[in-house]
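Peer 1: My questions will all concern the structure given below.
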Amino acid sequence: MNLRQKLLLMFSLTVVGLVVAVAWTVSVRVRHVFDGIDQQQTSALVNQFQREFNRRAEDTASALDRMAASDGLKQIAFELGNGGDAASYLQAALPLAQEYRLDYLELVAHDGSILSSFQWTARFGYREPAIAGAGQPAFLKQEELPDGTSQTGMFAVRTVAGSDPPLYVVGGRQIDASFLTDFPTPAGTHVYLYRNLTGSFDVQNFGAGAKTAGVTHFQPVVNEARNSGRNAGGVVYPTRQPVDSVDATAIPLKGLDGSVLAVLVVANSRRGVVEVQQHIRDVAFGVAGLGIIFAVLVSLWIAVRVSRPIEELARAAGEVAAGDWETRVDIYSLDEVGALARSFNNMTRQLTEQRDKLVQTERVAAWRELARRLAHELKNPLFPLQITVENMVRARRLPAKEFDEVFTESAATLQTEIANLKTIIGRFSDFSKMPKPQAIEMDAREAVWRVVKLYGPALEEKHIQVGTSIASEALPILGDSELLHRALSNLVLNAMDAMPGGGTLTISVARAGEVARIAIGDTGEGMTPEERERLFTPYYTTKQHGTGLGLAIVQAVISDHNGTIAVEGAEAGGTRFLIGLPLVQEEVDA
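Going by our numbering, the sequence shown opens with residue 8, and the numbers climb by one from there.
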């Protein structure tokens with residue numbers, strides 16, 4: 008991933024992250040505000056319902072108070088107290104219920120037996136436990152009906168004034184969906200009354216006025232309120248559309264014994280908060296899209312001002328590393344990137360100047376070193392030549408026979424030393440004009456075997472054992488067999504010189520990744536790390552007699568073959584040379 012892509016990703020993620028954070032914060036805040044409004048509306052509706060509920064309870068209690076104080080009931084209580092026949096009052100509850108507009112009415116004797124029932128005439132003689140609430144405020148109560156159903160009503164129990172034994176009247180008005188018909192609610196809010204008439208949830212308990220398809224989804228909150236006896240709430244989704252969802256609050260209504268007889272459900276529409284949240288999301292998506300576009304534009308601008316100049320500098324640095332020290336970058340900005348470009352150009356210019364000076368210095372040093380080496384190498388054979396010539400001049404005065412002997416001996420010496428001069432000059436000439444390798448495909452193992460076979464007798468004569476480890480698989484390389492043979496021969500001869508008293512020469516060749524690895528090691532005295540570092544320097548030698556060009560030539564040959572050569576201390580003492588030559592890549596059939 009380049010700098011431009013990183014900048015684009017960073018800006019995009021930053022913008023999207025900020026937009027998401029702001030949108031989430033605003034959305035949460037809006038939801039809290041709407042939740043607060045819903046809670047206020049729900050609280051207001053509950054208070055209003057409670058007032059209406061209490062008013063209905065007061066009306067019911069007031070009707071029972073008036074009935075208990077009426078002369079008709081006093082007369083019935085007097086007659087029953089004086090031995091009157093209770094069966095003659097079986098229908099007494101009917102006109103009284105109609106007169107006081109009650110939905111339920113029962114006359115109950117002092118022992119709890121029903122004397123007359125408006126809603127269920129056949130209950131004559133049954134026990135009515137509700138008389139335990141005589142004189143108390145009105146309360147909720149479930150009333151069984153002749154058809155086997157039950158209804159929920161607001162009941163009150165009163166004792167007929169002056170009755171002895173006491174005569175009770177139990178009356179009430181039905182509480183159902185019609186109770187909420189005239190109940191005022193704000194727009195978007197609905198109030199339902201669930202009568203807890205069955206053991207399990209039943210939508211019919213909401214009454215005929217409720218929409219069955221809508222109230223079905225209130226089951227979780229209604230059941231929670233029924234089972235726990237405490238307020239319950241939650242979000243209800245009547246349809247799959249979020250805008251149709253409501254915040255539902257279920258409030259249990261309890262009877263005298265604490266059981267839940269009805270549940271008031273207040274449902275506040277969430278359309279407003281959902282639409283606002285959707286609008287916030289739409290705005291957030293729009294802002295995020297604009298932010299991403301802005302990030303793209305900013306990243307492009309930065310790429311033009313920063314990324315591309317840096318890429319240009321990187322390209323120029325690569326060219327300098329490849330050897331083109333004349334590379335320059337054309338950046339004319341006045342900011343830090345421009346200053347970096349100017350510094351780079353100054354650096355390359357100084358490198359070029361220092362390189363020219365260094366090259367000139369190296370050339371002078373090389374010529375001086377060459378002159379010193381030539382002088383040193385040529386001095387050795389010239390001194391014997393001079394002595395020989397002087398001896399021949401002095402021998403001219405000797406008799407002919409003695410002169411012939413001196414002349415013959417001196418001529419042989421002159422020929423030997425002249426041959427040495429030719430050898431020295433030939434070595435320097437070979438180093439100065441190393442031929443380029445004529446590369447052909449060959450097996451690296453063959454070059455190793457050729458050297459081993461050539462120097463086998465000489466190694467045996469010098470009491471040097473040879474240990475070889477040759478790979479079994481072919482190691483194809485592109486190489487000049489004669490130059491490689493010359494380089495490997497030089498290394499073997501150096502190893503022989505390092506073991507004048509005998510030893511072990513190890514030669515191995517094997518595949519190491521994509522190269523053929525050739526190792527030549529000896530068990531001689533070895534070299535110090537400082538000597539190994541300078542070993543391939545031209546004219547450097549650790550031998551008493553030598554030009555210091557052998558290993559330099561070896562390194563040049565290996566380098567011309569795109570290979571590497573290194574020297575290290577052997578594990579068993581001595582020195583080991585490691586050569587790596589690239590293998591020929593096999594073509595894979597398509």
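No residue lacks a Cβ here, since even glycine has one placed at the ideal position from N, Cα and C.
This structure is a prediction, so every number in the text was calculated from the model and none was measured.
1) Closer than 6 Å by C-beta to Gln284: which residues in its own chain qualify, once you throw out the five before and the five after it? Chain order, please.
2) If you reduce the DSSP assignment to three classes, tell me which class Leu147 lands in.
3) Measure the C-alpha to C-alpha separation of Ala573 and Pro483 and round it to an integer number of angstroms.
4) Going by DSSP in three states, Gly508 sits in which element: helix, strand or coil?
5) Applying the criterion that 16 or more other CB atoms from any shown protein chain within 10 Å of the CB defines a buried residue, is Ala419 buried or exposed?
6) How long is the line joining the alpha carbons of Ala329 and Arg322, rounded to whole angstroms?
7) Could you check whether Thr256 and Asn238 sit closer than 8 Å to each other, using their CB atoms as the reference points?
8) Could you check whether Ser157 and Leu200 sit closer than 8 Å to each other, using their CB atoms as the reference points?
9) Can you check DSSP and say which residues form a bridge with Ala28?
10) With respect to the alpha helix (DSSP H) encompassing Gly79, which residues constitute its N-terminal and C-terminal limits?
11) Classify Glu480 as buried or exposed, calling it buried when 16 or more other Cβ atoms lie within 10 Å of its own Cβ.
12) Between Asp251, Val396, Thr246, Val273, which lies nearest to Pro259 when the distance is taken from Cα to Cα?
13) Looking at the unbroken beta strand (DSSP E) that takes in Leu103, where does it start and where does it end?
14) Under the three-state reduction of DSSP, which class applies to Val35: helix, strand or coil?
15) If you follow the alpha helix (DSSP H) that Ser476 is in, where does it begin and where does it stop?
16) Counting only C-beta atoms, is Ile431 closer than 8 Å to chain D at any point?
17) Given a threshold of 16 other Cβ atoms within 10 Å of its Cβ, counted over all protein chains shown, does Met17 qualify as buried or as exposed?
18) According to DSSP, simplified to helix, strand and coil, what is Lys603?
19) In its own chain, which residues sit with a C-beta less than 6 Å from the C-beta of Ala76, not counting the 5 before and 5 after it?
20) Quick one: Cα of Ser50 to Cα of Arg58, how far?
21) Going by DSSP, name the residue or residues bridged to Gly240.
22) Taking C-alpha atoms, which residue in Arg130, Ile471, Arg36 lies nearest to Ile287?
23) Of all the options Ser252, Gly236, Leu498, Leu112, which has the alpha carbon lying nearest to the alpha carbon of Gln562?
24) From Lys408, Val413, Val303, pick the residue whose C-alpha is nearest to that of Val400; which is it?
25) Could you check the C-alpha separation between Asp529 and Ala494 for me, to the nearest Å?
26) With a 10 Å radius around its C-beta and 16 neighbouring C-beta atoms as the bar for buried, classify Leu365 as buried or exposed.
27) What are the uninterrupted segments assigned as alpha helix (DSSP H) that are 4 or more residues long and contained completely in the stretch 403-447, given in chain order?
28) Of the residues Asn398, Lys429, Ile527, Arg404, which one's Cα is nearest the Cα of Thr415?
29) With a Cβ-Cβ cutoff of 8 Å, do Ala145 and Ala163 count as a contact?
30) Sorted by chain position, which residues of the same chain lie with C-beta nearer than 8 Å to Leu159's C-beta, five sequence neighbours on each side aside?
31) Quick one, which of Val242, Gly214, Gly236, Asn234 has its alpha-carbon nearest Phe225's?
32) Apart from the five residues just before and just after Leu491, which ones in its own chain have a Cβ nearer than 6 Å to its Cβ?
33) Taking the straight line between their C-alpha atoms, what separation do you get for Ile525 and Thr430?
34) Helix or strand or just coil, what does DSSP make of Asn569?
35) Buried or exposed, going by whether 16 or more other CB atoms sit within 10 Å of the CB of Thr535?
36) Answer with buried or exposed for Asp568, where buried requires no fewer than 16 other C-beta atoms within 10 angstroms of its C-beta.
Peer 2: Well, looking at it:
1) Here residue 284 is taken as the residue at index 277 of the sequence shown, counted from 1. If we look at Gln284 and ignore the five residues flanking it on each side, its Cβ neighbours are Ser34.
2) Here residue 147 refers to the residue found at position 140 of the sequence shown. Residue state, collapsed to three classes: strand.
3) By 1-based counting over the sequence shown, the position of residue 573 is 566. By 1-based counting over the sequence shown, the position of residue 483 is 476. For Ala573 and Pro483, the distance between alpha carbons rounds to 21 Å.
4) What you label residue 508 is simply residue 501 of the sequence shown in a count that begins at 1. The answer is coil: DSSP assigns Gly508 none of H, G, I, E or B.
5) Counted from its first residue, the sequence shown places residue 419 at position 412. That one is exposed.
6) Position 322 of the sequence shown, counted from the first residue, corresponds to residue 329. Position 315 of the sequence shown, counted from the first residue, corresponds to residue 322. Roughly 11 Å between the two C-alpha positions.
7) The residue labelled residue 238 in the question sits at position 231 within the sequence shown. The residue labelled residue 256 in the question sits at position 249 within the sequence shown. Cβ distance < 8 Å, so Asn238 and Thr256 count as in contact.
8) Residue 200 sits at position 193 when you count from the first residue of the sequence shown. Residue 157 sits at position 150 when you count from the first residue of the sequence shown. It is not a contact, given that the beta carbons lie outside the stated cut-off.
9) Residue mapping note: residue 28 aligns to position 21 of the sequence shown, counting from 1. According to DSSP, Ala28 bridges with nothing at all.
10) Within the sequence shown, the letter at position 72 stands for residue 79. Where Gly79 is concerned, the enclosing alpha helix (DSSP H) stretches over 78-88.
11) The count along the sequence shown starts at 1 and reaches residue 480 at position 473. Answer is exposed; the Cβ neighbour count stays below 16.
12) What you label residue 259 is simply residue 252 of the sequence shown in a count that begins at 1. If we check each option's Cα against that of Pro259, Val273 comes out closest.
13) For the purposes of this step, residue 103 is taken as residue 96 along the sequence shown, with counting starting at 1. Where Leu103 is concerned, there is no enclosing beta strand (DSSP E), although the alpha helix (DSSP H) it sits in stretches over 100-106.
14) Here residue 35 refers to the residue found at position 28 of the sequence shown. Val35: helix per DSSP, three-state reduction.
15) As a first step, residue 476 must be located in the sequence shown, where it is residue number 469. It is not in any alpha helix (DSSP H) - Ser476 instead sits in the beta strand (DSSP E) that spans 471-477.
16) No chain D is part of this structure, which consists of one protein chain only.
17) Taking the sequence shown and counting its residues from 1, the one referred to as residue 17 is at position 10. Exposed is the call here.
18) This structure cannot settle anything about residue 603, because the visible part of the chain is limited to 8 through 597.
19) Here residue 76 corresponds to residue number 69 of the sequence shown, with the count starting at 1. If we look at Ala76 and ignore the five residues flanking it on each side, its Cβ neighbours are Ala168.
20) Numbered from its first residue, the sequence shown carries residue 50 at position 43. Numbered from its first residue, the sequence shown carries residue 58 at position 51. Cα to Cα, Ser50 sits roughly 12 Å from Arg58.
21) By 1-based counting over the sequence shown, the position of residue 240 is 233. Note: Gly240 sits in a beta bridge opposite Thr256.
22) Reading the sequence shown from its first residue, position 280 is the one you call residue 287. The shortest C-alpha separation from Ile287 is found at Arg36.
23) Against the sequence shown, residue 562 aligns to sequence position 555. Nearest option by C-alpha distance: Leu498.
24) Here residue 400 corresponds to residue number 393 of the sequence shown, with the count starting at 1. Minimum Cα distance to Val400 is reached at Val413.
25) Numbered from its first residue, the sequence shown carries residue 529 at position 522. Numbered from its first residue, the sequence shown carries residue 494 at position 487. Their Cα atoms are separated by approximately 16 Å.
26) Position 358 of the sequence shown, counted from the start, is the residue given in the question as residue 365. It is exposed - the Cβ of Leu365 has fewer than 16 other Cβ atoms within 10 Å.
27) 407-439
28) As a first step, residue 415 must be located in the sequence shown, where it is residue number 408. Considering only alpha carbons, the answer is Asn398.
29) Locating residue 145 in the sequence shown gives position 138, counting from the first residue. Locating residue 163 in the sequence shown gives position 156, counting from the first residue. Contact: yes.
30) On the sequence shown, residue 159 is found 152 positions in, with the first residue counted as 1. A small correction: the amino acid at residue 159 is Thr; Leu does not occupy that position in the sequence shown. Same-chain partners within the cutoff: Leu147, Lys148, Gln149, Glu150, Gln181, Ile182, Asp183, Arg202, Asn203, Leu204, Leu268, Ala269.
31) Locating residue 225 in the sequence shown gives position 218, where the first residue counts as 1. It is Val242.
32) Taking the first residue of the sequence shown as 1, we reach residue 491 at position 484. For Leu491, where only same-chain residues beyond five positions count, the Cβ hits under 6 Å are Ala454.
33) Here residue 525 is taken as the residue at index 518 of the sequence shown, counted from 1. Here residue 430 is taken as the residue at index 423 of the sequence shown, counted from 1. If you take the alpha carbons of Ile525 and Thr430, they lie about 30 Å apart.
34) Taking the first residue of the sequence shown as 1, we reach residue 569 at position 562. Residue state, collapsed to three classes: coil.
35) Your numbering for residue 535 matches position 528 in the sequence shown. Exposed: under 16 other Cβ atoms inside 10 Å.
36) What you label residue 568 is simply residue 561 of the sequence shown in a count that begins at 1. Here residue 568 turns out to be His, not Asp, going by the sequence shown. Buried.
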